[in-house]
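Here is the structure we will look at.
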Amino acid sequence: MDNKIKIGVSSCLIGEKVRWNGDHKQNHFVREILANYFEYVSVCPEMEVGWGSQEKLLLYMGILRNLE
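For the sequence shown, our numbering assigns the number 1139 to the initial residue and increments by one for each residue that follows.
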């Protein structure tokens, strides 16, 4: 398919090692099946909203839980 539609996909789902533990969450369906129909624009949602590293996100989540 020549004219694939561009869609945003979380970087870790397409195999990029961007998670807090230095790993990925590569998903076979996303990586192998949907890739036949779409062109991916890799994004890290946490970075896009300004949270920075996953470690900071985990810290924020821990603080919020303690406030409940």
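Glycine included, C-beta positions come from ideal geometry on N, C-alpha and C.
Remember, it's a predicted structure, so these values are computed and weren't measured experimentally.
- The same chain holds no residue with a CB closer than 6 Å to that of Y1175 once the five nearest residues on each side in sequence are set aside.
- The criterion of a C-beta distance shorter than 8 Å is not satisfied by I1143 and Y1178.
- Setting aside the 5 residues that flank it on each side, S1180 is surrounded in the same chain by V1147, S1149, I1152, E1154, each with a C-beta closer than 7 Å to its C-beta; the list follows chain order.
- Note on geometry: alpha-carbon atoms of I1171 and N1165 lie some 10 Å from one another.
- Using a Cβ distance threshold of 8 Å, R1169 and K1163 do not count as a contacting pair.
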